[in-house]
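Since the structure comes first, as structure tokens, the remarks are kept for the end.
Number of protein chains: 2
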Amino acid sequence: MSETVEAIMDSAERRIRAGGYGGFSFRDLAADVGVKSASVHYHFPTKGELVAAVARRYNDRVAQAVDAEIAAGTSVVKAWREVFRGALAEGPAMCLCGSLGAISSELTPEVTDEVRHFFDRGVESLMTGGLSREDATRVFATLEGAILIASARNDATIFDAATADLK
Amino acid sequence: MSETVEAIMDSAERRIRAGGYGGFSFRDLAADVGVKSASVHYHFPTKGELVAAVARRYNDRVAQAVDAEIAAGTSVVKAWREVFRGALAEGPAMCLCGSLGAISSELTPEVTDEVRHFFDRGVESLMTGGLSREDATRVFATLEGAILIASARNDATIFDAATADLK
DNA sequence: ACCTGAACACCGTTCAAGT
DNA sequence: ACCTGAACACCGTTCAAGT
Numbered sequence: 259m260s261e262t263v264e265a266i267m268d269s270a271e272r273r274i275r276a277g278g279y280g281g282f283s284f285r286d287l288a289a290d291v292g293v294k295s296a297s298v299h300y301h302f303p304t305k306g307e308l309v310a311a312v313a314r315r316y317n318d319r320v321a322q323a324v325d326a327e328i329a330a331g332t333s334v335v336k337a338w339r340e341v342f343r344g345a346l347a348e349g350p351a352m353c354l355c356g357s358l359g360a361i362s363s364e365l366t367p368e369v370t371d372e373v374r375h376f377f378d379r380g381v382e383s384l385m386t387g388g389l390s391r392e393d394a395t396r397v398f399a400t401l402e403g404a405i406l407i408a409s410a411r412n413d414a415t416i417f418d419a420a421t422a423d424l425k
Numbered sequence: 259m260s261e262t263v264e265a266i267m268d269s270a271e272r273r274i275r276a277g278g279y280g281g282f283s284f285r286d287l288a289a290d291v292g293v294k295s296a297s298v299h300y301h302f303p304t305k306g307e308l309v310a311a312v313a314r315r316y317n318d319r320v321a322q323a324v325d326a327e328i329a330a331g332t333s334v335v336k337a338w339r340e341v342f343r344g345a346l347a348e349g350p351a352m353c354l355c356g357s358l359g360a361i362s363s364e365l366t367p368e369v370t371d372e373v374r375h376f377f378d379r380g381v382e383s384l385m386t387g388g389l390s391r392e393d394a395t396r397v398f399a400t401l402e403g404a405i406l407i408a409s410a411r412n413d414a415t416i417f418d419a420a421t422a423d424l425k
């Protein structure tokens, strides 16, 4: 992956997590990277393809971070909690797939597929920790809602309170 | 409130809950209502003022629906769960303040204030049911996350599973 | 009091043209 | 292979002009 492509995706990810799908333009990214907006379209023909690529990379990074916590001996629930908590601390910013999922019906299938995979993988991962599907769904929903409210209220302690005795 | 203003707000609310803040235009609303987009600006000078007004009306309606359930003998937690479940069934659509809260840093203060009030009032309401602030925050986060994931996955049973034994 | 057409700078997208 | 300027229809917003 070229440096330009990587810089475009970095800029897009930062802007999506702060302002959502509609919170940035191709001209914004071009200015960040130092090219013209038509050049961004050369690498990512449509906004949907760009956002889908960013979401895929985000999903993989989150999964790796969770696996690393688990490998270090952290319980699965605590591992997910820590990774969400770390994401909130950067900004404060929303979960990328949470901000996209909130406007799911406005997005193209290539984007919603990535959002679905993020949610599905999260629940599956929590189930490997011994949780029932119902409990895993509840825990993941709580994490997603907690980061949403905490980022909207700009108060990370809300996340801490909402997830304190999550199990 | 005039019929035109009401029709504009109805159209905006439906469109926001499906596609978020960026999911509709003044020209969309004008076409829905049967006027020109400049007329929508006559009633709501900016998009922020329009969305803030829609959010305020939504918040009041939700609070009334919850109070009605409680007056009918439902527990506070169950009342909130039922109201969120009913909102999900219309569409399926997101919680209006949830879809706005997800892009909070991109919105004007007049809008984020309404979103904050929605979250704050929800937690306060749950506390009247005997929950600690921590528990009330967790319950509200779970409801918000559950409607987000269920609407993104277009599967209301996800909401039911995530909130089945909420307490 | 309410509505409108026309204009402004912006947006995603396309494309022919450059290196 | 990568970048660009110019064009298109769209967007929020403004405003002078209508009834």
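Same order as they appear, the protein sequences are chains S and H. Per our numbering: the first sequence = residues 259 to 425. Per our numbering: the second sequence = residues 259 to 425. Every residue gets a Cβ at the ideal spot worked out from N, C-alpha and C, and that includes glycine.
The alpha-carbon of H/GLY277 is positioned some 10 Å away from that of H/GLU271. Taken in chain order, the unbroken stretches of alpha helix (DSSP H) that lie wholly in the stretch 361 to 406 of chain S and span 4 residues or more are 367 to 385. Within the stretch 319 to 345 of chain H, no residue has its Cβ closer than 7 Å to any Cβ of chain S.
Listed in chain order, the alpha helix (DSSP H) runs fully inside the stretch 284 to 332 of chain H are 284 to 291, 295 to 301 and 305 to 329, counting runs of at least 4 residues.
Cβ atoms of H/LEU358 and H/ALA404 stay farther apart than 8 Å, at about 18 Å. Residue-level contact by beta carbon holds for S/ALA276 and chain H, with a gap shorter than 8 Å. Among the residues of chain H, those whose CB is under 7 Å from the CB of S/TYR279 are GLY280, following chain order.
Legend: CB atoms of the stretch 287 to 301 of chain S lying less than 7 Å from CB atoms of chain H are not found in any residue. 8 Å or more divides the Cβ of H/ILE328 from the Cβ of H/VAL335. The beta-carbon distance between S/PHE284 and S/SER295, rounded to whole angstroms, is 4 Å. This is short enough to meet the 8 Å contact definition. H/ASN412 is classed as exposed because its beta carbon has fewer than 16 other beta carbons within 10 Å across all chains shown. Straight-line measurement puts the Cα of H/LEU308 at about 11 Å from the Cα of H/ARG315. Look at the beta carbons and you see the stretch 334 to 353 of chain H touching the stretch 383 to 398 of chain H: at least three pairs across the two are nearer than 8 Å.
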